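J.: Sharing a structure with you now.
In this note's numbering, the protein residues as written are 32 to 188.
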């Protein structure tokens, strides 16, 4: 089974990449290396592919996703502090980049049909930790076929 991991060189992504290869999967990392390099992944066997690229690059994603069985989307500008310091880049990567991942999965006819996104920097902080004056609306997660909400990314062009 071939699994694409966006953000595969990050802290969580590199741990996941290592675990996937240990479990016998072929893991494909897509990472722009803005927060480091592939040093944590050195020494792993040949069941891993490392692609330096940006999740906002739809053509790259479509090329990679056409030959994978699953996508795990971890790439993001992590942390509320980093998002507050550069909100335009955070929106571009976290929102537009996530949209590109979904579009590429649909257009590339990826076999994956369940996608879960669990990033505080995507959804926002818990109400009790938000700044004074911030919205109190709680964002709702994307739903999948499994929980009755339809295909993740459904309706995207």
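Ideal Cβ placement from N, Cα and C applies to all residues, glycine included.
Treat the numbers as computed from the prediction; the structure is a model and nothing was measured.
Taking Cβ positions, are residue 105 and residue 135 nearer each other than 8 angstroms?
T.: In this structure, residue 135 does not lie closer than 8 angstroms to residue 105 by Cβ.
J.: Taking the alpha carbon of residue 131 as the reference point, which residue from 84, 98 and 117 has its own alpha carbon closest?
T.: Looking at the Cα atoms, 84 is the closest of the given residues.
J.: Smallest Cα separation from residue 110: which of 120, 71 and 80?
T.: Out of 120, 71 and 80, 120 has the C-alpha closest to the C-alpha of residue 110.
J.: How far does the beta strand (DSSP E) with residue 36 in it reach, from first residue to last?
T.: Start and end: 33 to 37.
J.: Can you list the alpha helix (DSSP H) stretches of 4 or more residues lying completely in the region 74 to 146, in chain order?
T.: List check, alpha helix (DSSP H) in window: 89 to 96, 111 to 116, 118 to 121 and 129 to 138.
J.: Between the alpha carbons of residue 101 and residue 112, how many angstroms are there, rounded?
T.: Taking the straight line joining both Cα atoms gives about 31 angstroms.
J.: Quick one: residues in its chain with C-beta nearer than 6 angstroms to the C-beta of residue 128, no 5 flanking neighbours on either side, listed in chain order?
T.: Taken in chain order, the residues that qualify are 86 and 87.
J.: Measure the Cβ-Cβ separation of residue 103 and residue 36 and say whether it is below 8 angstroms.
T.: Yes, the Cβ-Cβ distance between residue 103 and residue 36 is below 8 angstroms.
J.: May I ask you to list the residues that DSSP assigns as paired with residue 62?
T.: For residue 62, which the question treats as bridged, DSSP gives the partners 83.
J.: Among residues of its own chain, excluding the 5 on either side of residue 42, which ones have a beta-carbon nearer than 6 angstroms to its beta-carbon?
T.: Cβ neighbours of residue 42 beyond the five flanking positions: none.
J.: So, residue 62 versus residue 44, is the Cβ gap smaller than 8 angstroms?
T.: Yes, these two residues count as a Cβ contact at 8 angstroms.
J.: Helix, strand or coil, according to DSSP, for residue 158 in the structure here?
T.: Note that residue 158 has pLDDT 45, beneath the 50 cutoff, so the model's placement of it is unreliable and the number below is only indicative. Looking at residue 158 - three-state DSSP - the assignment turns out to be helix.
J.: Which same chain residues, not among the five before or five after residue 108, have their C-beta less than 8 angstroms away from its C-beta?
T.: Within the same chain, residue 108 has close Cβ partners 114, 117, 120, 121, 124, 125 and 152.
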